[in-house]
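Data first, discussion second: the structure below is written as structure tokens.
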Amino acid sequence: MKSCGYHKMRSVLKMDVQEGARAEHLGVSLWKILVVTVIGVFVVFAVVFILKKPQETQTENIMLEKSTSTGPVRIVNGNLYVKGEPFFIKGMGYNPIPIGRSYAYDFTLDPQIYRRDFPMLREMGVNTIRVWRKVTSREFLDSAYNNGQNPIYVIMGFHVEPTLVSDPTYRQAVLNDFKEYVRRFKDHPAVLMWCVGNEVEFQIQNLWPGDETKLRDWFSLLNELAKAAFEVEGQSYHPVITSAAEIYVIGENSIGSDDGSLKFLDAWGATLFRGRSFEGAFDQFRSRSLKPLVVTEFGIDAWDNLQKKEDENAQAEYAKDLLRELFEAGERILGGCYFEWTDEWQKSGNPSAHDIGGFSMPSFPDGVANEEWFGVCRVLENRAGGVDILQPRSVYNIIKEKYLTS
11 MKSCGYHKMR SVLKMDVQEG ARAEHLGVSL WKILVVTVIG VFVVFAVVFI LKKPQETQTE
71 NIMLEKSTST GPVRIVNGNL YVKGEPFFIK GMGYNPIPIG RSYAYDFTLD PQIYRRDFPM
131 LREMGVNTIR VWRKVTSREF LDSAYNNGQN PIYVIMGFHV EPTLVSDPTY RQAVLNDFKE
191 YVRRFKDHPA VLMWCVGNEV EFQIQNLWPG DETKLRDWFS LLNELAKAAF EVEGQSYHPV
251 ITSAAEIYVI GENSIGSDDG SLKFLDAWGA TLFRGRSFEG AFDQFRSRSL KPLVVTEFGI
311 DAWDNLQKKE DENAQAEYAK DLLRELFEAG ERILGGCYFE WTDEWQKSGN PSAHDIGGFS
371 MPSFPDGVAN EEWFGVCRVL ENRAGGVDIL QPRSVYNIIK EKYLTS
């Protein structure tokens, strides 16, 4: 169309030269020139609009993704900032279930527990705790934040049921539940980030080995949950992470765990139990994702399954080496949460007894991980009544020294 207009202009100009400058014909010629020129300009703008439209659509899609948060917690160039200051997570896994209670016990509603614990955590330099399920008490967060005086920030847990990630009804229900959770606590200054799900992909792989469909369903749900939090919080959003079991599932396009599929996930979390060293996990992670990483669990238990006795010295020695590597991990490693604050008597067998039940873990010194013995602190029954008594193991001072001097 543009080419046809150009040739019409050449024909009109040639006719004018041959026939002279008769006023009447000149007027007609000028009119023709004007019409052709307008048509040509219209064609140019039409072509530009057509060529530009895909670019505008692409820009609109980009605008649906996250730019840097304007809130108090931000990830900028792979680094974490709180209130404008660089922040390295000196964390502790926190699930202080009392002796005799089940996992369902909500310690965030029990001030005796967290008022016992928070001063000890502050004393050892902990700046972050990670909880595995929903916080239900604003008073719990108030106590953690401590009016901004030596605050302890909270990685806010949120459970996702691995067996239901493919169920449309559950997916909608969990999205609604998470939105309400974020809406309730998004403005509390103790909130560091949201952690959606714990080792969900690991549990799916155990239940349905080789089923990539369910893994894809999980990671698509994860992205939807992260997007939902962003929609609730707006541009002042807190980061959203998940806690994967190890890093081997990260960055796989076939199951939707690659960066391109998880555009609303701000960072990864991973539990790393490789023994006395992280064994190259950080470089392996960086080869799989451009997002940052939080080590959501690390450490060993304090029970020697070979000697059939407690070995707190081995626990402390392993922690010392792991902490050194964590603090030297380099770019895009945001810190980590030692696993964990207290022994959990409810993990195996009788919740009123400190059981020895464990599972194979070749990277541990005795080859076994004993779930009830990971605590930085032993838990002792308070025979006078009241809250359980905590007795720090040797690892307490190892962590304290590193956290306070780094």
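Each number in my numbering comes from the position in the sequence shown (counting from 1) with 10 added on. Think of the CB as a built atom: it goes at the ideal place given N, C-alpha and C, for glycine as much as any other residue.
Note to self: Spatial neighbours of Ser-147 within its chain, please: C-beta separation below 7 Å, excluding the five flanking residues on both sides.
What the structure shows: Here the question's residue 147 lines up with position 137 in the sequence shown. Result list for Ser-147: Thr-118, Leu-119, in chain order.
Note to self: My parser needs the alpha helix (DSSP H) runs of 4 or more residues fully inside the segment 269–297; what are they?
What the structure shows: 291–296
Check: So which of Leu-336, Asp-152, Gln-325, Lys-318 has the shortest CA-CA distance to Phe-374?
Finding: Translated into positions along the sequence shown, residue 374 becomes position 364. Ranking the options by Cα distance to Phe-374, first place goes to Gln-325.
Next item on the list: Determine the direct distance from the alpha carbon of Ala-379 to that of Gly-110, and round the result to whole angstroms.
Entry: Translated into the one-based positions of the sequence shown, residue 110 becomes position 100. Translated into the one-based positions of the sequence shown, residue 379 becomes position 369. Approximately 21 Å, taken between the alpha carbons.
Next item on the list: Please go through the same chain and pick out, in chain order, the residues whose beta-carbon is closer than 7 Å to the beta-carbon of Ile-60, but skip the five residues on each side of it.
Entry: Residue numbering aside, residue 60 sits at position 50 when the sequence shown is read from its first letter. Residue placement at Ile-60 cannot be trusted, given a pLDDT of 28 that sits under 50; what the coordinates show is reported in the next sentence. Around Ile-60: no qualifying Cβ.
Check: Can you give the Cα-Cα distance for Gly-279 and Asp-398, rounded to whole angstroms?
Finding: Position 269 of the sequence shown holds residue 279. Position 388 of the sequence shown holds residue 398. Distance between the alpha carbons of Gly-279 and Asp-398: 31 Å.
Checklist line | Nearest to Ser-246 (by Cα), restricted to the options Ala-254, His-198, Ser-253 | finding: To locate residue 246, count along the sequence shown from 1; it is residue 236. Taking only the C-alpha atoms, the option nearest Ser-246 is His-198.
Checklist line | Member of Gly-340, Val-145, Phe-128, Phe-168 whose CA lies at the smallest distance from the CA of Asn-156 | finding: Residue 156 sits at position 146 when you count from the first residue of the sequence shown. Among Gly-340, Val-145, Phe-128, Phe-168, the Cα nearest to that of Asn-156 belongs to Phe-128.
Notebook entry, point to check: In this structure, does DSSP put Ile-162 in helix, strand or coil?
Noted result: As a working note, residue 162 is residue 152 in the sequence shown. Correct three-state label for Ile-162: coil.
Check: What three-state label does DSSP hand Pro-121 in the structure shown?
Finding: Residue numbering aside, residue 121 sits at position 111 when the sequence shown is read from its first letter. Residue state, collapsed to three classes: helix.
Notebook entry, point to check: Buried or exposed: Asp-177, going by 16 or more other Cβ atoms within 10 Å of its Cβ?
Noted result: On the sequence shown, position 167 is the one that residue 177 refers to. Answer is exposed; the Cβ neighbour count stays below 16.
Check: Taking Cβ positions, are Lys-100 and Tyr-328 nearer each other than 8 Å?
Finding: Position 90 of the sequence shown holds residue 100. Position 318 of the sequence shown holds residue 328. Against a cut-off of 8 Å, the Cβ pair of Tyr-328 and Lys-100 comes out as no contact.
Note to self: Taking 6 Å as the limit between beta carbons, can you name the residues of its chain near Met-130, skipping five residues before and five after?
What the structure shows: In the sequence shown, residue 130 corresponds to position 120, counting from 1. If we look at Met-130 and ignore the five residues flanking it on each side, it has no Cβ neighbours.
Note to self: Assuming contact is defined by CB atoms lying nearer than 8 Å, are Pro-82 and Asn-89 in contact in what I supplied?
What the structure shows: Locating residue 82 in the sequence shown gives position 72, where the first residue counts as 1. Locating residue 89 in the sequence shown gives position 79, where the first residue counts as 1. Contact flag unset, no.
Item checked: Cβ neighbour criterion (16 or more within 10 Å) applied to Tyr-406 -> In the sequence shown, counting from the first residue as 1, residue 406 sits at position 396. Tyr-406 comes out buried.
Checklist line | For Val-210 and Pro-219, the rounded distance between their alpha carbons | finding: One-based indexing of the sequence shown puts residue 219 at position 209. One-based indexing of the sequence shown puts residue 210 at position 200. Distance between the alpha carbons of Pro-219 and Val-210: 13 Å.
Check: Can you tell which of Leu-231, Gly-103, Phe-98 has the C-alpha that lies nearest to the C-alpha of Thr-352?
Finding: The sequence position of residue 352 within the sequence shown is 342, counting from 1. Of the listed residues, the one whose Cα sits closest to Thr-352 is Gly-103.
Notebook entry, point to check: Closest by CA to Asp-311, which one among Gly-290, Glu-289, Phe-349?
Noted result: Reading the sequence shown from its first residue, position 301 is the one you call residue 311. For Asp-311, the nearest C-alpha among the options comes from Phe-349.
Next item on the list: Identify whether Asn-233 lies in helix, strand or coil by the three-state DSSP scheme.
Entry: Taking the first residue of the sequence shown as position 1, residue 233 is located at position 223. Asn-233 falls in the helix class under three-state DSSP.
Next item on the list: For Lys-93, count neighbouring Cβ atoms within 10 angstroms of its own Cβ and tell me buried if that reaches 16, exposed if not.
Entry: Residue numbering aside, residue 93 sits at position 83 when the sequence shown is read from its first letter. With fewer than 16 Cβ atoms within 10 Å of its Cβ, Lys-93 is classed as exposed.
Next item on the list: Let me know if Gly-377 comes out buried or exposed under the rule of 16 or more other beta-carbons within 10 Å of its beta-carbon.
Entry: Locating residue 377 in the sequence shown gives position 367, counting from the first residue. It is exposed - the Cβ of Gly-377 has fewer than 16 other Cβ atoms within 10 Å.
Check: Is it true that the CB of Phe-295 sits closer than 8 Å to the CB of Met-371?
Finding: Looking up residue 371 in the sequence shown gives position 361. Looking up residue 295 in the sequence shown gives position 285. No; because the gap between Cβ atoms is not below 8 Å, this pair is not in contact.
Notebook entry, point to check: In terms of residues, what are the limits of the beta strand (DSSP E) holding Lys-330?
Noted result: Here residue 330 refers to the residue found at position 320 when the sequence shown is read from its first residue. Lys-330 -> not in any beta strand (DSSP E); alpha helix (DSSP H) instead, spanning 322–337.
Next item on the list: Could you name the residues of the same chain whose beta carbon sits closer than 8 Å to that of Asp-331, not counting the 5 residues immediately before and after it, in chain order?
Entry: Locating residue 331 in the sequence shown gives position 321, counting from the first residue. Correct list, in chain order: Arg-286, Ser-287.
Note to self: So the candidates are His-169, Val-170, Pro-121, Glu-171; which of them puts its Cα closest to the Cα of Leu-151?
What the structure shows: Sequence index remark: in the sequence shown, residue 151 carries index 141 (1-based). Checked all of His-169, Val-170, Pro-121, Glu-171; the closest Cα to Leu-151 is Pro-121.
Notebook entry, point to check: Between Arg-298 and Ile-260, which are expected to be in contact by the criterion C-beta below 8 Å, what is the C-beta distance as a whole number of angstroms?
Noted result: Position 288 of the sequence shown, counted from the first residue, corresponds to residue 298. Position 250 of the sequence shown, counted from the first residue, corresponds to residue 260. Yes, they are in contact, since the Cβ atoms of Arg-298 and Ile-260 sit about 5 Å apart, within 8 Å.
Check: Measuring CB to CB, does Ile-251 end up less than 8 Å from Val-304?
Finding: Working through the sequence shown from its first residue, we reach residue 251 at position 241. Working through the sequence shown from its first residue, we reach residue 304 at position 294. Taking 8 Å as the Cβ cut-off, Ile-251 and Val-304 qualify as a contacting pair.
Margin query: Once the 5 residues before and after Thr-138 are set aside, which same chain residues still bring their CB inside 8 Å of it?
Written below: Locating residue 138 in the sequence shown gives position 128, where the first residue counts as 1. Same-chain partners within the cutoff: Ile-99, Lys-100, Gly-101, Met-102, Ile-162, Tyr-163, Val-164, Ile-165, Leu-202, Gly-345, Cys-347.
Next item on the list: Below 7 Å CB to CB, which residues in the same chain sit around Ala-291 once its five sequence neighbours on both sides are set aside?
Entry: Start at 1 with the first residue of the sequence shown, and residue 291 comes out as number 281. Around Ala-291: Ile-257, Leu-282, Arg-284.
Next item on the list: Can you give me the Cβ contacts of Asp-269 inside the same chain, cut-off strictly under 8 Å, excluding the 5 residues immediately before and after it?
Entry: Translated into the one-based positions of the sequence shown, residue 269 becomes position 259. Correct list, in chain order: Gly-261, Ser-299, Leu-300, Lys-301.
Checklist line | Residues sharing a beta bridge with Thr-306, DSSP | finding: As a first step, residue 306 is located in the sequence shown; it is residue number 296 there, counting from the start. For Thr-306, which the question treats as bridged, DSSP gives no partner whatsoever.
Margin query: Suppose you measure from the CA of Arg-417 to the CA of Thr-223; what does that come to, to the nearest Å?
Written below: Any question about residue 417 goes unanswered here, given that the chain covers just 11 to 416.
Check: Whose C-beta lies closer than 7 Å to the C-beta of Arg-342 among residues of the same chain, with five residues either side of it excluded?
Finding: Residue numbering aside, residue 342 sits at position 332 when the sequence shown is read from its first letter. Closer than 7 Å at Cβ, skipping near neighbours: Gly-88, Arg-296, Pro-302, Leu-303.
Margin query: Here's the rule I'm using: 16 or more other beta-carbon atoms within 10 Å means buried, otherwise exposed. How should Ala-363 be labelled?
Written below: Here the question's residue 363 lines up with position 353 in the sequence shown. Label assigned to Ala-363: exposed.
Check: So, helix, strand or coil for Asn-417, using DSSP?
Finding: Lying before the first or after the last residue shown, residue 417 is absent from the chain, which here runs from 11 to 416.
Check: In or out: Asn-105 buried (at least 16 other Cβ within 10 Å) or exposed?
Finding: Counting from one through the sequence shown, the residue named residue 105 turns up at place 95. With 16 or more Cβ atoms within 10 Å of its Cβ, Asn-105 is classed as buried.
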